[in-house]
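Student: Please find one structure pasted underneath; my questions will follow.
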Amino acid sequence: MSLAATLERIDSFVPEKEVKIEQVAESLGLRRPEVGVFRKIYGLDRLRFDPDLNLFDLVLPAARKALSALPEGGRVSQVIFAHTTPTLTPPHLEPAQIIRDRLGLYDAEAFALNQQACVSSLGALDLAAELLRAEGEPGSHALMVTGERAFSPKVQLIPDTAIMADAASACLLTLGGAGDTVESFVTRTRGEFSEGLLQGKEQTQRFGQLYAPLLAEVMREAAAGAGLDFDDIDLVIPHNVNAISWRNTIKEMGADPARFFLDNVPEFSHCFASDVFLNYTTLRDAGRLVDGGRYLLVSVGLGATFGAMVLTHRKR
Numbered sequence: 026m027s028l029a030a031t032l033e034r035i036d037s038f039v040p041e042k043e044v045k046i047e048q049v050a051e052s053l054g055l056r057r058p059e060v061g062v063f064r065k066i067y068g069l070d071r072l073r074f075d076p077d078l079n080l081f082d083l084v085l086p087a088a089r090k091a092l093s094a095l096p097e098g099g100r101v102s103q104v105i106f107a108h109t110t111p112t113l114t115p116p117h118l119e120p121a122q123i124i125r126d127r128l129g130l131y132d133a134e135a136f137a138l139n140q141q142a143c144v145s146s147l148g149a150l151d152l153a154a155e156l157l158r159a160e161g162e163p164g165s166h167a168l169m170v171t172g173e174r175a176f177s178p179k180v181q182l183i184p185d186t187a188i189m190a191d192a193a194s195a196c197l198l199t200l201g202g203a204g205d206t207v208e209s210f211v212t213r214t215r216g217e218f219s220e221g222l223l224q225g226k227e228q229t230q231r232f233g234q235l236y237a238p239l240l241a242e243v244m245r246e247a248a249a250g251a252g253l254d255f256d257d258i259d260l261v262i263p264h265n266v267n268a269i270s271w272r273n274t275i276k277e278m279g280a281d282p283a284r285f286f287l288d289n290v291p292e293f294s295h296c297f298a299s300d301v302f303l304n305y306t307t308l309r310d311a312g313r314l315v316d317g318g319r320y321l322l323v324s325v326g327l328g329a330t331f332g333a334m335v336l337t338h339r340k341r
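Right, here's the structure in full:
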């Protein structure tokens, strides 16, 4: 029987610089009524956004903290950089390898994943676990890192949906460890929406109609994959795309809104593939994660991929 994947350490990082959504409205071409919609209906307020911070300054702090949990004699065999925007650096630079080298993990294999957009971070954990099983080396770990900057208006704004912010996260993963246990992982990709921001009005409306039912289905399936009913989940830890999409999903599920952690939507806005781990660390640092609690990490990526992962939390 194969060992379960365990997350030995989860960390996140956000820049100190905080701005109100009104402060980025002009650069994004948003009119005052559109800003009002983002604030009053989508629930956004402020975000971390620092144009002077480079990609590696953003990514490395969380990665270094996560590596502090590497036990004596342990080794990192993989560094996986999960991101949403396809291109983050000039073509002659390979960011995953730069991250690996700056962390001093020269013997690790380094590569990136982005095909599932904002779900890529959850998918990377699932892939890392399979690679560790195939490797079969006791004491071997994988480091999954996220982090990307909202470096241009085209990247920062998802029209009528979200304003993107700067954040990063890192997870140190092994098999059969003492950390949070990955109980299940489910994804569904709907390729008819693969054009993302480029799709026409009819497809956009169709996606909006299917969004809540598809996300609800994936969440229920992830709970079932862990041998649970959705009612057994202690808390849903979601991405921060906006408040209204989550209200619609909660209504679709007939669930108690108190079981969904949405406090960080106005605090940080949507942070690409980092949201769920930023929200996890917020809850953990506030003492809101209980030993043995079942938590459902959920995200949706343009393209369109829906993903959900069940964790059992282990206090240490």
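Using our numbering, the first residue of the sequence shown is number 26, and each one after it goes up by one. Using N, Cα and C, we set each Cβ at its ideal position, and we do this for glycine too.
When the Cβ atoms of the stretch 287-302 are set against those of the stretch 189-198, are three or more pairs found closer than 8 Å?
Tutor: Yes, they touch.
Student: If we count the other Cβ atoms within 10 Å of its Cβ and call it buried at 16 or more, is R158 buried or exposed?
Tutor: Residue 158 sits at position 133 when you count from the first residue of the sequence shown. With fewer than 16 Cβ atoms within 10 Å of its Cβ, R158 is classed as exposed.
Student: Is the CB-CB distance between I46 and V62 below 8 Å?
Tutor: Locating residue 46 in the sequence shown gives position 21, where the first residue counts as 1. Locating residue 62 in the sequence shown gives position 37, where the first residue counts as 1. Result no, Cβ atoms of I46 and V62 do not sit closer than 8 Å.
Student: Based on Cα-Cα distance, which residue from S270, P58, V49 and Q234 lies nearest to M189?
Tutor: Looking up residue 189 in the sequence shown gives position 164. If we check each option's Cα against that of M189, V49 comes out closest.
Student: Starting from the C-beta of L327, find all residues in its chain whose C-beta is less than 6 Å away, skip the five residues before and the five after it, and write them out in chain order.
Tutor: Translated into the one-based positions of the sequence shown, residue 327 becomes position 302. So the list reads A142 and G221, once near-sequence residues are dropped.
Student: With C-beta atoms as the reference, is T229 less than 8 Å away from L336?
Tutor: As a position in the sequence shown, residue 229 is number 204, starting the count at 1. As a position in the sequence shown, residue 336 is number 311, starting the count at 1. Taking 8 Å as the Cβ cut-off, T229 and L336 do not qualify as a contacting pair.
Student: Using a beta-carbon distance below 8 Å, is V60 in contact with chain C?
Tutor: The displayed structure is made up of one protein chain only, and chain C is not part of it.
Student: Can you check the stretch 87-139 for any alpha helix (DSSP H) of at least 4 residues that lies completely inside it and give the ranges in chain order?
Tutor: Counting whole runs of 4 or more residues, the stretch 87-139 contains the alpha helix (DSSP H) stretches 120-127.
Student: Are R215 and A329 touching if we call contact CB-CB under 8 Å?
Tutor: The residue given as residue 215 occupies position 190 in the sequence shown. The residue given as residue 329 occupies position 304 in the sequence shown. In contact: R215 and A329 (Cβ atoms closer than 8 Å).
Student: Once you ignore the five residues that flank R239 on each side, which residues in its own chain have a CB closer than 6 Å to its CB?
Tutor: Along the sequence shown, read from residue 1 onward, the residue named residue 239 stands at position 214. In the sequence on display, residue 239 carries Leu and not Arg. Excluding residues within five positions, the ones whose Cβ falls inside 6 Å are F331.
Student: Note down, in chain order, each residue of its chain lying with its Cβ closer than 6 Å to the Cβ of R34, except the 5 sequence neighbours on either side.
Tutor: Along the sequence shown, read from residue 1 onward, the residue named residue 34 stands at position 9. Result list for R34: A91, A94 and L197, in chain order.
Student: Please work out which residues of its chain come closer than 6 Å, Cβ to Cβ, to L346, disregarding the five sequence neighbours upstream and downstream, and give them in chain order.
Tutor: Because the chain in this structure spans residues 26 to 341, residue 346 falls outside the shown range and cannot be described.
Student: Between L308 and H117, what straight-line distance do the alpha-carbon atoms span, to the nearest angstrom?
Tutor: Within the sequence shown, residue 308 is the residue found at index 283, counting from 1. Within the sequence shown, residue 117 is the residue found at index 92, counting from 1. Straight-line Cα distance between these residues: approximately 39 Å.
Student: For the stretch 182-255, list the alpha helix (DSSP H) runs that are entirely contained and at least 4 residues long, ordered along the chain.
Tutor: Fully enclosed alpha helix (DSSP H) runs of 4 or longer: 226-250.
Student: Any idea what DSSP makes of E43, helix, strand or coil?
Tutor: Working through the sequence shown from its first residue, we reach residue 43 at position 18. If DSSP states are grouped into helix, strand and coil, E43 belongs with the strands.
Student: Look at the alpha carbon of V44 and the alpha carbon of H295, and state the distance between them as a whole number of angstroms.
Tutor: The sequence position of residue 44 within the sequence shown is 19, counting from 1. The sequence position of residue 295 within the sequence shown is 270, counting from 1. One C-alpha to the other measures close to 14 Å.
Student: By Cβ distance, which residues of its chain are closer than 8 Å to G252, with the 5 residues on each side in sequence left out?
Tutor: As a position in the sequence shown, residue 252 is number 227, starting the count at 1. Within the same chain, G252 has close Cβ partners E208.
Student: Can you check which of these residues, T110, I183, P120 and A154, is closest to V144 by C-alpha distance?
Tutor: Taking the sequence shown and counting its residues from 1, the one referred to as residue 144 is at position 119. If we check each option's Cα against that of V144, T110 comes out closest.
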